[in-house]
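Okay, structure first, notes after.
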Amino acid sequence: MELAQQLVNGLTLGSLYALIAVGYTVVYGIIQLINFAHGEIFMVGAFGALSTALLFFRSYVDEGQVLPFWALPVLILGAVAASVAIAVLMERIAYRPLRNAPRLAPLITAIGISVFLQEAVRLLYGKIPGFPDAKQKVPFPKIAVVSGDAWTPFGLTIQRSTIFTVGALVICAAGLFYFVSRTKTGRAMQAVSQDPDTARLMGINVDRIIVVAFVIGATLAAIAGIAQGLQVTNVNFKMGFLAGLKAFTAAVLGGIGNVWGAVLGGLTLGIVEALAIGFIPGTFGGSSWKDVWAFAILILVLVFRPQGLLGAKVVDRA
Amino acid sequence: MSTNTALPDVLDDSDVSRRDRLREQHGAKAPLLALAGGVLLLVSGLLSWSYDDRILGDISIRFYPAGIQIYAMVLGLVAVVLGVLLRRRPGWLNPGRGLAAVGWGSLVFVVVALVTIARQAGGSININEGGWVALVGALLVFAAGFVAQRFELNVRTWPRLPGWAEILVIVVLMAVLLFTTAYTLGLDDSWTFVCLLVTLLSVAIALVGSGFGEYVGFVGGNNRRVLLLAAFLVAFLFPFTQDGSDANMSIATQILIFAATALGLNIVVGLAGLLDLGYIAFLGTGAYVGAMLSQSTFATIGWKPPFLVVMLCGMAVASTFGLIIGSPTLRVSGDYLAIVTLGFGEIFRLAMFNLDGTNGPDLTNGPNGIPAIPDLNFFGWDFGKVHTVAGIPLGRFSNYYFLLLLLIAFVILVFSRLNDSRIGRGWVAIREDERAAEAMGVNVFGLKLLAFAIGAALAGLAGTIKAHQDTSVTPDQYIFLESAFLLAAVVLGGMGTVAGVLVGATILKLLPEKLRDAADYRLLLFGLLLVIMMRFRPEGLVASKRRQLEFHEDDEELVQLAQTEHLEEAK
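Structure (structure tokens):
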């Protein structure tokens, strides 16, 4: 029973990692860029959802009531809009001019963007009239059906937010599968990731495909942001850093550049982390060491299988 | 790609030609404009700028220049000198570019000053005639810089001075440097500091842009030993200008620790091209080793060796960690290294946070860290006491300052010897093209690992001193942001150069200390700065020619400059 419970916890955590990891892997697959600021896109998504709730469901929030279920799609739309807007701006202003620069340049830019976005939310979010100060944790609104009492089938505890997170991952993965393999843009994306120059010769607008990659990553990250908000019932400006780092670990674990690898890697990482919390005996167990185990896994993967679980691509000096 | 880039090129061309035409038509007026503007700026220094004597120092008295009035006069003087030079056209100078920098600088400076006066005194009515005269002067100099002709620089016709005169140039330069540093550190008012910064920056850019910088470089190259000696002498004399005050010395020691660590990182990032995002962990390793082996009653290990042994231990432990992290990741792509080192930095912090006895063995006292680390004591020289040398009292931080100066000299020595050696050339080869380097027989993996281990060891060494200087070690000193700051110092100053990193470290540590008004927006500006630097000047403020070339491959003038420099090096 203990094992099953930890598996459920791991699955929740893993779905969240997977949703974020897809963003890393899609962008990396196309322009070999580690978009270090992707964790902040996730954070912006969560704040976008919060802002939407404050704008359209103010009366519920002020009275501490639970938002109706139909508010969920609206919140998702708001979150996605915020994330996508920031991601596209970021690509256009900061990354595109550096497309042919040495590899260090975009990575350092990414760190700059990451710090900038965190600080911008911390300092400026509360300055918008009617919005709470974001220097501390901000409570995330509760939504009917997806937040509330946990279900307890067979003695397990399954939070409702778990259902939302896992469900979101399943739907997003299915949608992504359809998009990448069935639509014209998706196939163009595959072509660009295989050989950008040839793809360009075939008439594919590579710049547009790159933007599409950022949009996909931002969309999934925004949904993950809502999932995180529902799970821990608050959001804060720092939430993107560790989540982004873990998601990147997940992407590497699964094989970076491979979308299914990111999903598999995220789930694996989440489950391993949950098992480490539950089953490592002695003083090194428990939640205070879980992050250490996660990074230890990253290093071990790089030693023994640098291409990741599903990565068929040989990892090159990228 | 080519279709995309062709369009802006055409636009750029027409833009450039329009500016060229303007310069041809009005270029002859530039010297006169510069002279007039410069004289106005000089005169404005003697006039009153504000009715209120509490703003920006006291600038309300006539014929008694103080504070920012002196900066205006400095800018005016530089403008006059450049104006005269523009008229006489010596072959080795390009005063036009210098004038442009001074023009921009004086305009920004005067506007900042006037806005500050208007804001703090409540309205532009409080600005006195001096302020307006300065504004007109700045506009004239700006116009002069805009229309001044640019000359082709002939780098081979530098005037040769006798040896003693060249040494004199260096000595004067160093004296100015010492005086300016002491003066800058003495400022308390944020906006005066901004004005000074604008002044210094524009004068520096003007000097470099007009070719003085290369001349100084040329003179310095002729007398490299003298330059090095003078630089260290100036650094050594700095505490004696502080009159026993520890406030600035505390900032200075922080800058030195930061700079020494950033120089170590520069070996890894600047020379070998490996992006390390967890470098602060190595400094932390050194600091924790230093704390655990110190005389502190909270130290968790019973062994208390002399400090020299502690330093060696710190280096050894840090470089061991470097090897452990480096050996798996250096085989794969550079991007992985960045993230793994980031992960390692987090592991380090979490481990130091957790190892408090309840979660694992008690090594670090967890979040409380190891406090009460005693001051160092070298052969009876107690670092905690005030010593009086030549009548000037030197406080606790001055003592650490001297030790850190030794440390940084050692780090610079290691850095420059490695850079000039076969190993350094191997690193550069790897950085530029790893596969080509491997094909040429460079031991890629071994050299990368060496860079990583040396960088870690230097940080560990700095850490052991830092532990004693700070008197306590806690995990929250070693967060990711600190690594980002170190990296920013390297990037901002110029990857792969010593001077650049020193400049970058000084700017990054000094600005937050002096700009208390903007303390909350510090990190926001920091993030923005990284993005802007990467976009517009990725090679850093002080860049080596070779490095500059990597970022601007299509700049033909630069290619030729780099080639001539390369040929001269080979001779």
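So the protein lines, in turn, are chains A and B. Position 137 (the first sequence) corresponds to 792 in the working numbering; numbering is contiguous. Position 343 (the second sequence) corresponds to 339 in the working numbering; numbering is contiguous. Glycine is no exception: its CB is placed at the ideal position from the N, C-alpha and C atoms.
Within-8 Å CB hit, residue i to chain B
i: T820 of chain A; result: no
i: G767 of chain A; result: yes
i: V847 of chain A; result: no
i: E657 of chain A; result: no
i: I763 of chain A; result: yes
i: E774 of chain A; result: yes
i: V958 of chain A; result: yes
i: A973 of chain A; result: Because the pLDDT of A973 of chain A is 33, which lies under 50, any placement of that residue in the model is unreliable, and the question is left without a value.
i: P752 of chain A; result: yes
i: I675 of chain A; result: no
i: A756 of chain A; result: yes
i: F950 of chain A; result: yes
Residue i versus residue j: straight-line alpha-carbon distance, rounded
i: Y780 of chain A; j: R146 of chain B; result: 47 Å
i: L197 of chain B; j: V190 of chain B; result: 10 Å
i: N415 of chain B; j: L446 of chain B; result: 13 Å
i: G733 of chain A; j: A823 of chain A; result: 16 Å
i: L671 of chain A; j: Q65 of chain B; result: 59 Å
i: T237 of chain B; j: P61 of chain B; result: 23 Å
i: F278 of chain B; j: M311 of chain B; result: 9 Å
i: G126 of chain B; j: Y47 of chain B; result: 11 Å
i: G703 of chain A; j: P961 of chain A; result: 36 Å
i: R84 of chain B; j: W128 of chain B; result: 30 Å
i: G282 of chain B; j: F254 of chain B; result: 14 Å
i: W100 of chain B; j: K782 of chain A; result: 33 Å
i: V776 of chain A; j: M745 of chain A; result: 15 Å
i: E430 of chain B; j: I166 of chain B; result: 40 Å
i: E535 of chain B; j: G339 of chain B; result: 27 Å
i: R518 of chain B; j: L181 of chain B; result: 19 Å
i: M170 of chain B; j: A243 of chain B; result: 23 Å
i: R421 of chain B; j: G492 of chain B; result: 12 Å
i: A882 of chain A; j: A736 of chain A; result: 16 Å
i: G912 of chain A; j: V106 of chain B; result: 53 Å
Buried versus exposed, by CB contacts within 10 Å (16 or more), residue i
i: F374 of chain B; result: exposed
i: K510 of chain B; result: buried
i: V113 of chain B; result: Here residue 113 of chain B turns out to be Ile, not Val, going by the sequence shown. It counts as buried.
i: D272 of chain B; result: buried
i: R392 of chain B; result: buried
i: W187 of chain B; result: buried
i: V821 of chain A; result: buried
i: M857 of chain A; result: exposed
Rounded distance between the beta-carbons of residue j and residue i, thought under 8 Å
i: G456 of chain B; j: A314 of chain B; result: 3 Å
i: A879 of chain A; j: L722 of chain A; result: About 19 Å; that fails the 8 Å criterion.
i: V487 of chain B; j: I763 of chain A; result: 6 Å
i: F771 of chain A; j: G500 of chain B; result: Going by Cβ atoms, the distance from F771 of chain A to G500 of chain B rounds to 19 Å, so no, they are not a contact pair.
i: G33 of chain B; j: A140 of chain B; result: 6 Å
i: L252 of chain B; j: L454 of chain B; result: That pair is no contact at about 13 Å.
i: V265 of chain B; j: L289 of chain B; result: At roughly 29 Å, the Cβ-Cβ gap does not stay under 8 Å, so V265 of chain B and L289 of chain B are not in contact.
i: G976 of chain A; j: M698 of chain A; result: Beyond the ends of chain A as shown, which are 656 and 973, falls residue 976 of chain A; an answer cannot be given.
Close beta carbons around residue i, own chain, < 8 Å, minus the five adjacent residues each side
i: L953 of chain A; result: T904, V907, L908
i: A805 of chain A; result: T812, I813, Q814, R815
i: G872 of chain A; result: V677, G678, Y679, V681, V682, N690, H693, I696, A742
i: M568 of chain B; result: What is shown of chain B runs -3 to 567, which leaves residue 568 of chain B out entirely.
i: A425 of chain B; result: A432, A433, M436, V438
7 Å Cβ shell around residue i - same chain, five flanking residues per side excluded
i: L709 of chain A; result: V716, G785, F786
i: A756 of chain A; result: none
i: F809 of chain A; result: none
i: A659 of chain A; result: L811
i: F379 of chain B; result: D371, L372, N373, R392, N395, Y396
Minimum Cβ-Cβ distance from residue i to chain A less than 8 Å
i: F374 of chain B; result: no
i: F448 of chain B; result: no
i: L267 of chain B; result: no
i: V487 of chain B; result: yes
i: V438 of chain B; result: no
i: V424 of chain B; result: no
i: V538 of chain B; result: no
CB contact below 8 Å: residue i versus chain E
i: D516 of chain B; result: Of the protein chains in the structure, A and B, none is chain E.
Cβ neighbours of residue i in the same chain (closer than 6 Å, five flanking residues each side left out)
i: Y474 of chain B; result: I276, G280, R345
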